[in-house]
Structure formats: structure tokens, C-alpha cells
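Q:
Protein chains: 2
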Amino acid sequence: MGREGTLFFRVTGRDAATRARTGILETSHGEVATPAFMPVGTRGTVKALEPRDLRELGFELILSNAYHLFLRPGHAVIRKLGGLHRFMGWDRAILTDSGGFQVFSLADLCRIDESGVEFASHLDGTRFRLTPELCMEIQEALGSDLVMPLDDCPPYPAERSRVEESVGRTTRWAQRSLGASLSEGQHRFGIVQGGVHLDLRARSAEEIAALDFEGFAVGGVGVGEPFALGREAVACVSAILPGAAPRYVMGIGTPAQIVDLIGEGIDLFDCVLPTRNARNGTLFTSLGRINIKRNEFREDPGPLDPNCGCVACRRFSRAYLRHLYQCREILASRLNTIHNLAYFASVVVRAREAISRGEYARFRTLPEFSGEPDPKGCGNRVDS
Amino acid sequence: MGREGTLFFRVTGRDAATRARTGILETSHGEVATPAFMPVGTRGTVKALEPRDLRELGFELILSNAYHLFLRPGHAVIRKLGGLHRFMGWDRAILTDSGGFQVFSLADLCRIDESGVEFASHLDGTRFRLTPELCMEIQEALGSDLVMPLDDCPPYPAERSRVEESVGRTTRWAQRSLGASLSEGQHRFGIVQGGVHLDLRARSAEEIAALDFEGFAVGGVGVGEPFALGREAVACVSAILPGAAPRYVMGIGTPAQIVDLIGEGIDLFDCVLPTRNARNGTLFTSLGRINIKRNEFREDPGPLDPNCGCVACRRFSRAYLRHLYQCREILASRLNTIHNLAYFASVVVRAREAISRGEYARFRTLPEFSGEPDPKGCGNRVDS
Chain A
3 MGREGTLFFR
13 VTGRDAATRA
23 RTGILETSHG
33 EVATPAFMPV
43 GTRGTVKALE
53 PRDLRELGFE
63 LILSNAYHLF
73 LRPGHAVIRK
83 LGGLHRFMGW
93 DRAILTDSGG
103 FQVFSLADLC
113 RIDESGVEFA
123 SHLDGTRFRL
133 TPELCMEIQE
143 ALGSDLVMPL
153 DDCPPYPAER
163 SRVEESVGRT
173 TRWAQRSLGA
183 SLSEGQHRFG
193 IVQGGVHLDL
203 RARSAEEIAA
213 LDFEGFAVGG
223 VGVGEPFALG
233 REAVACVSAI
243 LPGAAPRYVM
253 GIGTPAQIVD
263 LIGEGIDLFD
273 CVLPTRNARN
283 GTLFTSLGRI
293 NIKRNEFRED
303 PGPLDPNCGC
313 VACRRFSRAY
323 LRHLYQCREI
333 LASRLNTIHN
343 LAYFASVVVR
353 AREAISRGEY
363 ARFRTLPEFS
373 GEPDPKGCGN
383 RVDS
Chain B
3 MGREGTLFFR
13 VTGRDAATRA
23 RTGILETSHG
33 EVATPAFMPV
43 GTRGTVKALE
53 PRDLRELGFE
63 LILSNAYHLF
73 LRPGHAVIRK
83 LGGLHRFMGW
93 DRAILTDSGG
103 FQVFSLADLC
113 RIDESGVEFA
123 SHLDGTRFRL
133 TPELCMEIQE
143 ALGSDLVMPL
153 DDCPPYPAER
163 SRVEESVGRT
173 TRWAQRSLGA
183 SLSEGQHRFG
193 IVQGGVHLDL
203 RARSAEEIAA
213 LDFEGFAVGG
223 VGVGEPFALG
233 REAVACVSAI
243 LPGAAPRYVM
253 GIGTPAQIVD
263 LIGEGIDLFD
273 CVLPTRNARN
283 GTLFTSLGRI
293 NIKRNEFRED
303 PGPLDPNCGC
313 VACRRFSRAY
323 LRHLYQCREI
333 LASRLNTIHN
343 LAYFASVVVR
353 AREAISRGEY
363 ARFRTLPEFS
373 GEPDPKGCGN
383 RVDS
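Residue numbers (our numbering), protein chains in the order written: chain A, 3 to 386; chain B, 3 to 386.
Next comes the structure, spelled out in C-alpha cells:
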């Protein structure tokens, strides 16, 4: 790695006072402006939305999950139907997570050894074995634009020896992943582990950066550790990874955390927060978080967020959104999801503008992002 | 009544061989071409859809429910927020059912006497009393275009004496409803009862037709009786009601039943079938009903209905729709609802065209509508 201006990723701007940068990912399914936030579409659908909604919101890249699609409907079915883009009706870029993290967090009786992970399906208990090679095969069948290898992601907290073991194994699995063949136009990322141990993070980052990946991800953050520790790990890794490749922090985070980590040179983010919280009635706005079920909104004729131009804010009142939520109406999930994603989209769009103007240091201290970030990472990256 | 060409309703065409007719309802929220099917939006939302979806599907009139909105969020709240159209973001016409039927079918400890109905809320057990006057007051507050009075709808089967009592009471309540004041532009319907007894139906139709209503509804069908009996009742009533006013059969039915009753001179229909069945994976198509969860669709790349132009059919495969349903994804409810409503919309649009061409007798015997109609009515009219 270390190519400046590869065909895949181009850095288009840098902030002088921080490590923030703007860039363009060139994929077979269009350009992706970075920093970017990816909505999570675990099972081949961003919950409650159609692909045209995501386009309307301006997203150029979404995340899906190889493990979940492997279990249902099966990657062979999706290959037969022309790949994941065609299957779900989305013609822009897709990153698929390998699903290793999900296996560890969802599957029962998960057993890990050097060859891979054996686990019982969280759906029906059927036993499967995921290997680095199979994870590549699944994602090759799906036709994902950005492909993630199987990694060994220990829980938090974990013994240092367990984290050390995971670093070595993650590197060996990364090497095996590189041996698998993908289709033209698919781009392979490496994943860095190392928990909250900065020396292990540094070792993992150096080992993975030495391999022939086109992008790099920081895994094992947002798994329960205090954000300050995860943040330190990300900053440490980001400084080691080659500047010419895109950097992705997996499963993070709140708007404040995203804005913070953009300042550390991170280009890509995904998180279930906007979509899952939407379904639970928690809405992110330019004025702070709102719990729409609160009685104070019962007769409130105003828009959810006066600074937002999304359909939910343009056409409906807080009183109506509260009513839908109280009645457990499906439309509540839909409108709340549209709004929360519109807000997350606006955060990265404004971050890009601030970087272009060289004003990122000021941007990231806006009161909007100054709320105490969640003490812990936002949890897992599967919106289920 | 008996005005030909009132400002409210205009008959624009008649089929020679059947009693089918086309017409236009003129409302303060736009024209409604009839025969029309109304999607059911019980709580101020047609489940899983936005108002813009309903417009895209061509609907000009939807149904909502005074009883449900009275309980939550309360008609005073909706009045304060500018009425139901504004509250739910729908600028075309709305018919509200009084909710009498729902009180009888949902509420516990429902007690009926001459003054009205006393019942316990199905939400929290709070005791309320609905009277003909209160039902008008609620709908006045909501600002519904078409307003239904409280009626006494006995279950099926019921003693003849109970049905006879309900006919008398429904007429007396209708008279009381006419005493309540509505806002300009609101149009009041009368409801005919009488169960499956044709003499009672005739008596009720004559009594209600003699009152100063702008439209007439047939209630007490689709409540569990064999369709053949409900159908006879509707035909009997339709022949008695004045031809210059719109006729509405409440809570019916399958496409075959709707097409059949259009032939008896019915102009308006509502039913939860397309929306509720959509959420249960049953899809109405030009080729018959499909249960999308069936294994045969697992790898089916074709559209749900090759003769349908809705978003679900244009952009997604049966395999994908099956996958969404199997995963209990919200998008399954949304796409299935869009399709089923598109199909019901196409049935009435094609019925109108057939009437205009004077070919309704042929249209109603198309193989598409020749399947055995459900032996029983489709059940209640609240999509919950």
C-alpha cells in the first residue's frame, strides 16, 4: 500500500489544524465522498426504507452483512439472482462486513480455532463453520464493492493474552483472505485489532498495513469499552495506517464521536444508532436528542428539527410523530429512520464542507457536538 | 334527497346491462371518481405508508376512524392542530367512520341503550359514552369530508328481534345526528341496518332515505354472514336508496366482491383486506392470490405481478419480497401494502373504464374476479 492517488481512493482535501481529510472512493457503483456515514442494512434492507429513500437522503454507500445473508437467503441464492445490488435494488456502493463480529456476539456455542469459527446459527441452531476463505467466497458471491475479511474480535474486557492472540490470528487470517480471489471491482480491506492496548494496536496496524489491502478498518472498538479508550486506540492506529488508503472505524458512533474521529483522519463510519434509535423513538436533532414519546410533544405543531429538510420534518409535526409512536405505527419507524439518517448525513456533509474550508477544528467544537459523547461505544453493528 | 346532480355528487355514466355507474364526489379536498376504494387509515395513518405514497397510488379518498382518534390522541388535540388532514399530512378527501362498529367489536363491557353506547376503552379500560351527538362533534373536530353517524350494528348471527330493534334505533340516532351541526363542506351519510332480513333492510333503507343525508351507507355486512346473504341485503337496499346520492358498502371486501357490488350500484368501498393481508404476506395479483412466504418463490427473479406497475413490482423480485417477509422486515409490510393497494386501485379504475364503455357485464365475469369470493365477509373495518 501507500499509493497516493490510487484508482480506488483519492484524497481531495486536508484540514491544516487536525488530521481530518476529504476524499473520493471510486467504486464500480459510483463515487463515494468521504468522510462518509454508512446506514446499516444488515439483511439487505436498511430497516423501514426503500433504496430510493436512501438515494433521496444522499447516501452513496451502505453497509450489509455477509453472515446474515449467508444464513438467509444464502449467498448462492443472491449470486443466482445477480448479486446483492440487484437483489435489494440498490445501484450504489455496498460494503459488507464479514460477520465475524456477529458470530462472536450473536451465535451460541461459538468456538474459535486457527482454521476459523464454528458456531450455531442464531436462527435455528444449525452448526456452521466460517473461515477466512468462506467469508471471501460469500462476499464474492454478493458482489460487494468493499469487502471485509474475517477477523478475531475479542470482547471487552478481555485478558491481554486473549487480545494478543487475536492480533496474531487476525493477521494470519488477513493473509489467508488475500489468497482468495474476488471479482474485478471489489476492494479488500484489512482489519486492525488490539483492544485498548496501544502497543498491541500499533503491532496490529503495522502488520495489517504491510499487507496488500486497498483500505483499512479499525475493529474491536465500540464493543463496550469507555469511548476515551477506544478513541485513543483509533488515533494510534490511524497515525500508523498509510495515508493514501481509506480508513474505516467499525460500528461507531454518536454524531459527537464521528465528528471527533474524523479529526483523527477517519474516512468511513457505520453504526446502528440512527436506525435502531429511530425505532425506539429517540431522535437526533441539531438541538440535541429528543425522545418523541414525551408528553410535552402531545400538541406540538412544530417540526422535529427546524434545521432539517427531511420529509419527516417538512411534512409532519412533533405531535403527529408522537401519535404514530404511541400507536406503535409502522410509519413511526419509517419517518423516524428517515429523519435520523438525514441528520447523520448532514453531519458528514457539513464535516466535509468544514474540512474544505480548513475550519474543521472549529466545526468539531460546535455546541451541537459538545454533548458528553456516550461513555461507551454504541454496541454492535447489526441492526436487528 | 333525490337531487340529480347535486353539488356534492354527480353521476357521470351508467352501464346499460347492470346497475353499475360512474360518478364524481365533489369535496373541499378535491374530486373523487367513483366507484372508489378507500384505503383504511384507522389511526390517522394507512399502515406503513406516507400520504405521498397514497397520492402516487392514485387514491383520492381514504377512511379513518373517529373512535380510535377520539381515544388517542383525542379529537380536541387534532382540532387544535388544524384538523385531521393537516395532522396526518393528507390534503385529499377523508371519510371517517363513527366508530360504533368498533365499539361493539373491540370494547369490553359495551352497554347500549337509547342514549348511546357505554364502553371501556380497548386501550386502558377507561369508561366512555359515545352518543350520536358526540360522534358528530368528534368528526366536526376532525374536519372529515364525509361523516358517518353512530349506528347500532348487531353481530351476526343475532335474533331477529335484536336486528329489528337496531333498525329502529339506527333511524332515531340518524335523526339525532342530523340535529348536530357540522362545518361547511362536511357531508353527512346515513347508515342502513337490517342484518340479513330483507324486509328489515327495506324498512331501514326507506326510513334512512327519507332523511336529509347527502349519501347512504350499508352497514352490518361483512360481519360474519355468508357473502351471498350480505350481497342480497346490499342489492335490496341499493335498489331503494335514491339514485342521485352516493352509496357506500362498509367494510367490503375481496376484489371479486367489490366488482360484484359495483354491479349493484355501489359507489364506495373500504376494507382492511389489502393492507392487513399485505402485512401477513398475502398478495392480491392479476393472476390470483399469492402467499409470498412459499418456498417456490425463494429464487424467483420475476415481479410479484407482471401486470402491475407499482414500485414493489417494478423494482423488486418475488425472491427479495419473500426474503424480506421471512426476515420480518418492516420493508416487507411497506412494499406488500403498496402492491395490494395498487391492485385494489387498479380494480376500481378498470371497473370505471368498463362502465364508461358500457361493458361492465363482461368485466365483472373476467376470470380474475371469478374465484369463489370468500364465503364470509372480510371481517371488521379497523386496520389494527
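In this text, a Cβ means the ideal position worked out from N, Cα and C, and glycines have one as well. Predicted model, so just to flag it, every value in this text is computed and none were measured.
Can you find a CB in chain A that lies within less than 7 Å of the CB of residue 340/B?
A: By one-based count along the second sequence, residue 340/B stands at place 338. Not one chain A Cβ lies under 7 Å of residue 340/B.
Q: Using the three-state DSSP reduction, which class does residue 347/B fall into: helix, strand or coil?
A: As a position in the second sequence, residue 347/B is number 345, starting the count at 1. The answer is helix: DSSP assigns residue 347/B an H, G or I state.
Q: Mind listing the chain B neighbours of residue 401/A? Cutoff is C-beta to C-beta under 8 Å, in chain order.
A: Residue 401/A cannot be examined here, being either before or after the span of chain A that is shown, 3 to 386.
Q: Starting from the C-beta of residue 160/A, find all residues in its chain whose C-beta is less than 7 Å away, skip the five residues before and the five after it, and write them out in chain order.
A: In the first sequence, residue 160/A corresponds to position 158, counting from 1. Answer for residue 160/A: 197, listed in chain order.
Q: Tell me which same chain residues have a C-beta within less than 6 Å of the C-beta of residue 192/B, skipping the five on either side of it?
A: For the purposes of this step, residue 192/B is taken as residue 190 along the second sequence, with counting starting at 1. Cβ within range, chain order: 176, 210, 213, 215 and 218.
Q: What is the rounded straight-line gap between the Cα of residue 178/B and the Cα of residue 12/B?
A: By 1-based counting over the second sequence, the position of residue 178/B is 176. By 1-based counting over the second sequence, the position of residue 12/B is 10. Between residue 178/B and residue 12/B, the C-alpha separation is close to 27 Å.
Q: Which residue wins for smallest C-alpha separation from residue 352/A, given the options 338/A, 368/A, 341/A and 339/A?
A: By 1-based counting over the first sequence, the position of residue 352/A is 350. It is 368/A whose Cα lies nearest to the Cα of residue 352/A.
Q: Please report how far the alpha carbon of residue 143/A lies from the alpha carbon of residue 298/B, in whole angstroms.
A: Mapped onto the first sequence, residue 143/A falls at position 141. Mapped onto the second sequence, residue 298/B falls at position 296. About 22 Å.
Q: In terms of alpha-carbon separation, which member of 194/B, 139/B, 265/B and 331/B lies closest to residue 156/B?
A: Here residue 156/B refers to the residue found at position 154 of the second sequence. Minimum Cα distance to residue 156/B is reached at 194/B.
Q: What does the Cβ neighbour count give for residue 117/A, buried or exposed, with the cut at 16 atoms within 10 Å?
A: In the first sequence, the residue the question calls residue 117/A occupies position 115. When all chains shown are included, residue 117/A counts as exposed.
Q: List, in order along the chain, the chain A residues whose C-beta lies closer than 8 Å to that of residue 335/B?
A: Locating residue 335/B in the second sequence gives position 333, counting from the first residue. Near residue 335/B (Cβ distances below 8 Å), the residues of chain A are 332.
Q: Going by the CB atoms, is the gap between residue 335/A and residue 332/B shorter than 7 Å?
A: The residue given as residue 332/B occupies position 330 in the second sequence. The residue given as residue 335/A occupies position 333 in the first sequence. In this structure, residue 335/A lies closer than 7 Å to residue 332/B by Cβ.
Q: Nearest by alpha-carbon distance to residue 264/A: which of 322/A, 371/A and 327/A is it?
A: For the purposes of this step, residue 264/A is taken as residue 262 along the first sequence, with counting starting at 1. Nearest of 322/A, 371/A and 327/A to residue 264/A, Cα basis: 371/A.
Q: In the DSSP assignment, the beta strand (DSSP E) including residue 190/A goes from what residue to what residue?
A: In the first sequence, counting from the first residue as 1, residue 190/A sits at position 188. Looking at the DSSP string, the run of the beta strand (DSSP E) that includes residue 190/A is 189–194.
Q: Of all Cβ atoms in chain E, is any one closer than 7 Å to the Cβ of residue 91/A?
A: Included in the structure are the protein chains A and B, with no chain E among them.
Q: In three-state DSSP terms, what is residue 327/B?
A: As a working note, residue 327/B is residue 325 in the second sequence. In this structure, residue 327/B counts as helix in the three-state DSSP scheme.
Q: Tell me whether the beta-carbon of residue 100/A lies closer than 7 Å to the beta-carbon of residue 137/A.
A: Numbered from its first residue, the first sequence carries residue 100/A at position 98. Numbered from its first residue, the first sequence carries residue 137/A at position 135. Taking 7 Å as the Cβ cut-off, residue 100/A and residue 137/A qualify as a contacting pair.
Q: Which partner residues of residue 371/A appear in the DSSP bridge assignment?
A: Translated into positions along the first sequence, residue 371/A becomes position 369. Looking at the DSSP assignment, residue 371/A forms no beta bridge with any residue, so it has no partner.
Q: What does the Cβ neighbour count give for residue 36/B, buried or exposed, with the cut at 16 atoms within 10 Å?
A: Position 34 of the second sequence, counting from 1, holds the residue named residue 36/B. Buried, by the Cβ-count rule.
Q: Find the residues of chain A that neighbour residue 83/B, judging by a C-beta separation of less than 7 Å, and give them in chain order.
A: The count along the second sequence starts at 1 and reaches residue 83/B at position 81. Here the neighbours are 301, 303, 319 and 321.
Q: Straight-line CA distance for residue 45/B to residue 125/A?
A: The residue you call residue 45/B lines up with position 43 of the second sequence. The residue you call residue 125/A lines up with position 123 of the first sequence. Rounded to whole angstroms, residue 45/B to residue 125/A spans 34 Å at the Cα level.
Q: Give every residue of the same chain whose Cβ lies closer than 6 Å to the Cβ of residue 302/A, excluding the five residues on either side of it in the sequence, and list them in chain order.
A: Here residue 302/A refers to the residue found at position 300 when the first sequence is read from its first residue. The residues are 320 and 321.
Q: Roughly how many angstroms separate the alpha carbons of residue 123/A and residue 328/B, rounded to a whole number?
A: Counting from 1 along the first sequence, the entry for residue 123/A is found at position 121. Counting from 1 along the second sequence, the entry for residue 328/B is found at position 326. Each residue's Cα considered, the two are about 16 Å apart.
Q: Below 8 Å, how does it come out for the stretch 303–315 of chain B and the stretch 252–271 of chain B: are there three or more Cβ pairs, yes or no?
A: The stretch 303–315 of chain B is not in contact with the stretch 252–271 of chain B.
Q: By the criterion of Cβ-Cβ separation under 7 Å, what are the contact partners of residue 329/B in chain A?
A: Counting from one through the second sequence, the residue named residue 329/B turns up at place 327. Result: 45 and 74.
Q: Quick one: what's residue 149/A bridged to in DSSP?
A: The residue you call residue 149/A lines up with position 147 of the first sequence. Bridge partners of residue 149/A: 98/A and 190/A.
Q: Do you know how far the Cα of residue 225/A is from the Cα of residue 158/A?
A: Position 156 of the first sequence, counting from 1, holds the residue named residue 158/A. Position 223 of the first sequence, counting from 1, holds the residue named residue 225/A. Going by the C-alpha atoms only, they are around 6 Å apart.
Q: Counting pairs of Cβ atoms below 8 Å between the stretch 84–96 of chain A and the stretch 55–71 of chain A, do you hit three or more?
A: Enough Cβ pairs lie closer than 8 Å, so yes.
Q: In this structure, how does DSSP classify residue 234/A when only helix, strand and coil are distinguished?
A: In the first sequence, the residue the question calls residue 234/A occupies position 232. Three-state DSSP puts residue 234/A in a helix.
Q: Compute the Euclidean distance between the alpha carbons of residue 252/B and residue 97/B, then round it to the nearest angstrom.
A: As a first step, residue 252/B is located in the second sequence; it is residue number 250 there, counting from the start. As a first step, residue 97/B is located in the second sequence; it is residue number 95 there, counting from the start. Going from the Cα of residue 252/B to the Cα of residue 97/B covers about 11 Å.
Q: Under 7 Å between the Cβ atoms of residue 389/A and residue 41/A?
A: Residue 389/A is absent from the model: chain A starts at 3 and stops at 386.
Q: Candidates 186/A, 200/A, 173/A and 127/A: which alpha carbon is nearest residue 162/A's?
A: For the purposes of this step, residue 162/A is identified with residue 160 of the first sequence, where counting begins at 1. Out of 186/A, 200/A, 173/A and 127/A, 200/A has the C-alpha closest to the C-alpha of residue 162/A.
Q: Taking only heavy atoms of the ligand COA into account, decide whether any of them is closer than 6 Å to the Cβ of residue 263/B.
A: Only the bare structure without any ligand can be found here, which leaves the ligand COA out of the picture.
Q: Whose CA, out of 127/B, 128/B, 153/B and 148/B, lies closest to the CA of residue 135/B?
A: Working through the second sequence from its first residue, we reach residue 135/B at position 133. The shortest Cα separation from residue 135/B among 127/B, 128/B, 153/B and 148/B belongs to 153/B.
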